[in-house]
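Undergrad: Take a look at this one; I'll ask things after.
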Amino acid sequence: MAIKPQLTQLLQVTRATRPLPGPEGGLAFASNQEGHQKTLYLDRPGGGARTIADSGDRTLPEVWTDLGLLVRHDDGGSEIWQLSMVKPSGGLRALTSDSKAMHQSITLHPDRRRVGLGWNAGGGPDVSLGELDLATGNLEVWATPGDFWDWEDWSPEGTRAAVIKIFGAWTEAYILERGGALTRLLPEARRVNEISWTESGMLMITDAGDRDFMGLAEVDPERPDVVRRWLIDEDHDVEGYALDPARRRAAVVVNQGIYDEVRIVDLATGTTMDPLGWEEGVVLSDITGDARYHLGWSHDGASVFASWEHPTHPAEIYEWPSNRRWTQVSDDAWFRDLVKPTETTYRTFDGLEIHGLLYRVDGSPRPAVVQFHGGPEGQSRGEFAPIVHLMNGIGVNVLRPNVRGSTGYGFRFQSLDDRTLRWDAVRDGCEAARDLRRTGAATKTAAMGGSYGGFMTLAVLVEDPDLWDAGVDIVGIADWHTFFKNMPPWRGVIRKREYGDPEGAESEFLREISPIHRAHTITAPLLIIHGRNDPRVPLHESEQIAEKAPNAEMIVFDDEGHGVVKLANQVISNGRILAFLQEHLLRAAELDTEAKPR
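The sequence shown begins at 4 in this note's numbering and counts up by one.
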């Protein structure tokens with residue numbers, strides 16, 4: 004495979020994530036710079052980072068407590084999170100013992116010696132809500148209401164909790180009493196997320212009042228059914244926020260389209276200062292946590308830290324207001340001259356306008372890849388996508404469309420692919436390739452995507468086989484019935500509202516839209532990649548499509564889960580994707596053509 008020497012570093016990409024300022028002025032964070040994610044510590048910006056927690060696999064810092072640093076860790080990408088304290092002398096002291104339970108939504112108690120959390124005992128379908136004593140490891144159940152729940156916050160006195168029940172994009176919010184009693188918050192809202200107690204009430208992100216976008220609202224706990232006031236209410240989604248230690252200010256992440264804007268909001272007055280000076284980037288949101296997970300305040304409330312990512316540079320940790328960069332886990336020289344995306348739109352089959360990001364090598368017609376995001380409640384934005392730049396590097400244009408059902412464009416747009424409307428999004432995906440050919444941006448087209456984007460890849464390949472010259476399916480869904488049957492039981496609870504019930508009214512429709520039943524019609528060569536320990540999309544989905552598709556190749560990583568995260572595996576995966584696309588998209592005469600950087 005011919006690849007420019009300066010691009011070889013992009014075969015494996017390191018990030019600095021989960022900034023957790025320490026009580027003595029340093030910074031804990033996570034990075035995969037040594038192969039897998041470990042918890043590291045910096046005494047000062049730009050200093051030498053040292054490893055302080057490593058379970059032997061993914062190990063992430065959760066919260067500083069009065070007993071030290073609490074971390075969570077899993078094995079082989081399983082997402083069966085276990086909790087441990089970092090010993091003062093090094094090493095880990097295990098707190099959880101149920102090896103099948105996923106311990107999640109960890110929230111520090113006001114006494115700083117306990118945490119609230121949710122966990123599914125024995126790996127079962129129902130999440131229990133309760134507290135964990137960090138000194139003894141004793142786990143006390145408050146309630147097991149059934150289905151999937153997150154613990155959001157403690158009341159100031161530490162006797163109640165804010166919790167949410169999750170149905171995919173839809174949620175229900177409650178105040179939970181220690182005895183198990185639940186009081187509904189904003190019962191008319193479709194979505195309520197990220198609930199916190201503050202000095203003046205309860206803060207939350209919601210679309211209450213049939214709003215199309217998620218705003219930042221305050222609710223009086225004594226009148227939990229109505230919004231008392233809106234702090235941010237506009238035609239942009241609030242993606243997340245972090246409270247300062249005094250709970251008087253919030254650093255708020257607002258989705259402005261391709262990029263994020265971070266604002267400081269005074270919760271007493273409702274005033275918002277000018278946006279922080281971070282430009283043309285996003286607060287990282289990944290499989291380990293959403294934007295609030297990668298955002299935090301210093302212990303004295305003087306600084307905000309974020310894992311900030313640009314479309315041409317992977318995430319590093321920055322501090323405001325000093326604008327200091329704390330980490331340098333990657334060499335900046337590796338990312339010079341990369342293509343910066345441009346926002347673009349096209350009209351789909353029914354006239355709906357679809358937004359996307361176009362990474363175009365130059366003005367000449369070239370092969371192009373249509374890359375679909377996961378989710379489906381997702382959005383292609385200004386995050387760093389190394390495979391996109393690698394594809395540009397071999398002379399391939401890339402379009403990342405936000406087909407109907409994507410987030411960021413309002414709830415009505417997001418709902419346009421729900422249940423029996425699913426195939427309309429697939430038709431949007433095909434129209435993306437047609438638009439590239441029609442406008443001269445593509446001579447050949449390939450489809451690529453991961454997770455739900457993998458389903459989209461398979462779906463467009465069977466919807467219009469002649470349109471596509473190649474496909475790359477990464478941890479994708481091939482058969483909706485086997486997907487639900489084989490996934491961990493807690494996952495099915497989350498996904499039925501979005502996708503439909505395979506044993507209910509949508510059963511036949513889910514069968515009709517499962518690519519497996521038309522896999523024999525796929526004419527494009529297909530590369531399939533999956534992790535053996537994937538808890539979200541079972542490996543069987545890839546195994547069966549590899550068996551049924553006429554010209555399929557499959558790679559399975561034994562030590563990966565939902566995606567490829569270990570650096571050594573990224574080299575293998577990305578390298579094979581490039582070779583595959585060179586073989587099937589580029590003519591023999593083009594193999595040694597240098598793609599001129601924009």
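Cβ atoms here follow ideal geometry from the backbone N, Cα and C, with glycine treated the same way. Remember, it's a predicted structure, so these values are computed and weren't measured experimentally.
Looking only at its chain, what residues have a beta carbon closer than 6 Å to the beta carbon of Asp238, apart from the 5 residues adjacent to it on each side?
TA: Here residue 238 is taken as the residue at index 235 of the sequence shown, counted from 1. The residues are Phe216.
Undergrad: Excluding five sequence neighbours on each side, which residues of the same chain lie with their C-beta closer than 8 Å to the C-beta of Phe583?
TA: Against the sequence shown, residue 583 aligns to sequence position 580. Hits under 8 Å: Ala473, Val475, Pro528, Leu530, Glu556.
Undergrad: Check each candidate in Gly381, Ala435, Gln374, Leu424 and name the one with the smallest Cα separation from Glu356.
TA: The sequence position of residue 356 within the sequence shown is 353, counting from 1. The option with the nearest alpha carbon to Glu356 is Ala435.
Undergrad: Mapping DSSP to helix, strand and coil, what is Asn405?
TA: Stepping through the sequence shown from its first residue, residue 405 is reached at position 402. Here Asn405 sits in strand by DSSP.
Undergrad: Could you please give me the residues that DSSP links to Thr275 through a beta bridge?
TA: Position 272 of the sequence shown holds residue 275. Looking at the DSSP assignment, Thr275 forms a beta bridge with Val268.
Undergrad: Okay, do the region 480-497 and the region 537-549 touch, 3+ Cβ pairs below 8 Å being the bar?
TA: Flag = yes, the region 480-497 and the region 537-549 touch.
Undergrad: By the DSSP assignment, the beta strand (DSSP E) with Asp153 in it spans what residues?
TA: As a first step, residue 153 is located in the sequence shown; it is residue number 150 there, counting from the start. Segment 152-157, the beta strand (DSSP E) holding Asp153.
Undergrad: As a quick exercise: from Ile580, Arg425, Val567, Arg579, pick the residue whose alpha carbon is nearest that of Gly38.
TA: Position 35 of the sequence shown, counting from 1, holds the residue named residue 38. Residue Val567 is the option with its Cα nearest to Gly38.
Undergrad: Distance, Cα to Cα, His358 vs Pro379?
TA: Within the sequence shown, numbered from 1, the residue matching residue 358 stands at position 355. Within the sequence shown, numbered from 1, the residue matching residue 379 stands at position 376. If you take the alpha carbons of His358 and Pro379, they lie about 15 Å apart.
Undergrad: What is the DSSP secondary structure of Thr596, counted as helix, strand or coil?
TA: For the purposes of this step, residue 596 is taken as the residue at position 593 of the sequence shown. With a pLDDT of 43 at Thr596, under the threshold of 50, the modelled position of that residue is not reliable, and no figure is offered here.
Undergrad: Taking a contact to mean a Cβ-Cβ separation below 8 Å, would you say Ser158 touches Trp200 in this structure?
TA: As a first step, residue 158 is located in the sequence shown; it is residue number 155 there, counting from the start. As a first step, residue 200 is located in the sequence shown; it is residue number 197 there, counting from the start. A contact, by the Cβ cut-off of 8 Å.
Undergrad: Could you tell me the alpha carbon to alpha carbon distance between Ile477 and Asp537, rounded to whole angstroms?
TA: On the sequence shown, residue 477 is found 474 positions in, with the first residue counted as 1. On the sequence shown, residue 537 is found 534 positions in, with the first residue counted as 1. Their Cα atoms are separated by approximately 11 Å.
Undergrad: Which residues in the same chain have their Cβ closer than 7 Å to the Cβ of Asp303, if we skip the five residues on either side of it in sequence?
TA: Residue mapping note: residue 303 aligns to position 300 of the sequence shown, counting from 1. Counting only Cβ-Cβ distances below 7 Å, and skipping sequence neighbours, we find nothing.
Undergrad: Report the rounded CA-to-CA distance for Gly25 versus Glu82, giving the unit in angstroms.
TA: Indexing the sequence shown from 1 puts residue 25 at position 22. Indexing the sequence shown from 1 puts residue 82 at position 79. Rounded to whole angstroms, Gly25 to Glu82 spans 26 Å at the Cα level.
Undergrad: Taking 8 Å as the cut-off, decide whether the C-beta atoms of Val229 and Met207 are in contact.
TA: As a first step, residue 229 is located in the sequence shown; it is residue number 226 there, counting from the start. As a first step, residue 207 is located in the sequence shown; it is residue number 204 there, counting from the start. Cβ distance not < 8 Å, so Val229 and Met207 don't count as in contact.
Undergrad: Given this structure, state the Cα-to-Cα distance separating Phe375 from Thr448, to the nearest angstrom.
TA: As a first step, residue 375 is located in the sequence shown; it is residue number 372 there, counting from the start. As a first step, residue 448 is located in the sequence shown; it is residue number 445 there, counting from the start. Roughly 13 Å separates the two Cα atoms.
Undergrad: Provide the residue(s) that pair with Gly243 in DSSP beta bridges, ordered along the chain.
TA: For the purposes of this step, residue 243 is taken as residue 240 along the sequence shown, with counting starting at 1. In DSSP, Gly243 forms a bridge with Val256.
Undergrad: Beta-carbon within less than 7 Å of Val166's beta-carbon, same chain only, minus the 5 sequence neighbours each way: which residues are those?
TA: The count along the sequence shown starts at 1 and reaches residue 166 at position 163. The answer, listed in chain order, is Leu132, Trp152, Asp153, Trp154, Glu155, Tyr177, Leu179.
Undergrad: Is the beta carbon of Ala164 closer than 8 Å to that of Gly121?
TA: Sequence index remark: in the sequence shown, residue 121 carries index 118 (1-based). Sequence index remark: in the sequence shown, residue 164 carries index 161 (1-based). Against a cut-off of 8 Å, the Cβ pair of Ala164 and Gly121 comes out as no contact.
Undergrad: CB-CB under 8 Å to Ala33, same chain, minus the five flanking residues each way: which ones, in chain order?
TA: The residue given as residue 33 occupies position 30 in the sequence shown. Ala19, Thr20, Arg21, Gln40, Lys41, Thr42, Leu43, Thr62, Leu63, Pro64, Thr291.
Undergrad: How many angstroms separate the CA atom of Leu268 from the CA atom of Asp69?
TA: As a first step, residue 268 is located in the sequence shown; it is residue number 265 there, counting from the start. As a first step, residue 69 is located in the sequence shown; it is residue number 66 there, counting from the start. Per the sequence presented here, residue 268 reads as Val, with Leu not at that position. Each residue's alpha carbon lies about 28 Å from the other.
Undergrad: Kindly give me the distance between the Cβ atoms of Trp84 and Asp78, rounded to whole angstroms, as I take these residues to be in contact under 8 Å.
TA: Counting from one through the sequence shown, the residue named residue 84 turns up at place 81. Counting from one through the sequence shown, the residue named residue 78 turns up at place 75. That belief does not hold up - the Cβ atoms of Trp84 and Asp78 are roughly 10 Å apart, past 8 Å.
Undergrad: Closest to Leu360 by C-alpha separation, out of His316, Pro368, Leu188, Asn405, would be which residue?
TA: Translated into positions along the sequence shown, residue 360 becomes position 357. Cα-wise, what sits closest to Leu360 is Asn405.
Undergrad: For Thr410, which three-state DSSP category applies?
TA: Counted from its first residue, the sequence shown places residue 410 at position 407. Reduced to three states, the DSSP call for Thr410 is coil.
Undergrad: Are the beta-carbon atoms belonging to Asp263 and Glu242 less than 8 Å from one another?
TA: Looking up residue 263 in the sequence shown gives position 260. Looking up residue 242 in the sequence shown gives position 239. Cβ distance < 8 Å, so Asp263 and Glu242 count as in contact.
Undergrad: At what residues does the beta strand (DSSP E) containing Trp311 begin and finish?
TA: Within the sequence shown, numbered from 1, the residue matching residue 311 stands at position 308. Run containing Trp311: 307-313, per the beta strand (DSSP E) assignment.
Undergrad: Please report the straight-line C-alpha distance between Met394 and Ile525, rounded to a whole angstrom.
TA: For the purposes of this step, residue 394 is identified with residue 391 of the sequence shown, where counting begins at 1. For the purposes of this step, residue 525 is identified with residue 522 of the sequence shown, where counting begins at 1. Near 23 Å, if we compare the C-alpha coordinates of Ile525 and Met394.
Undergrad: Return the first residue and the last residue of the beta strand (DSSP E) that Glu134 is part of.
TA: For this step, residue 134 is matched to residue 131 along the sequence shown. Its beta strand (DSSP E) spans residues 131-136.
Undergrad: Out of Val399, Arg350, Gly381, Trp337, point me to the one whose CA is closest to Leu14's CA.
TA: Working through the sequence shown from its first residue, we reach residue 14 at position 11. Cα-wise, what sits closest to Leu14 is Trp337.
Undergrad: Quickly, what does DSSP pair Pro64 with across the bridge? List them, please.
TA: As a first step, residue 64 must be located in the sequence shown, where it is residue number 61. Answer by DSSP bridge pairing, in chain order: Val74.
Undergrad: Which of the three DSSP states, helix, strand or coil, is assigned to Glu563?
TA: Counting from one through the sequence shown, the residue named residue 563 turns up at place 560. In the structure shown, Glu563 sits in coil (DSSP, three-state: anything other than H, G, I, E or B).
Undergrad: Quick one: what does DSSP say Ala591 is sitting in, helix, strand or coil?
TA: To locate residue 591, count along the sequence shown from 1; it is residue 588. Residue confidence for Ala591 is low, a pLDDT of 33 falling below 50, so the modelled location carries little weight and cannot support an answer.
Undergrad: Could you tell me the alpha carbon to alpha carbon distance between Leu419 and Val195, rounded to whole angstroms?
TA: By 1-based counting over the sequence shown, the position of residue 419 is 416. By 1-based counting over the sequence shown, the position of residue 195 is 192. Between Leu419 and Val195, the C-alpha separation is close to 20 Å.
Undergrad: Looking only at its own chain, which residues have a Cβ that is under 7 Å from the Cβ of Val496, when we skip the five neighbours before and after it?
TA: Numbered from 1 along the sequence shown, position 493 holds the residue referred to as residue 496. Same-chain partners within the cutoff: Pro128, Asp150, Phe151.
Undergrad: Just mark Ser605 as buried or exposed, buried being the case when its beta carbon has 16 or more other beta carbons within 10 Å.
TA: Lying before the first or after the last residue shown, residue 605 is absent from the chain, which here runs from 4 to 601.
Undergrad: Could you please give the first and the last residue of the uninterrupted beta strand (DSSP E) stretch that includes Asp57?
TA: Against the sequence shown, residue 57 aligns to sequence position 54. First-last for Asp57: undefined, no H or E at that position.
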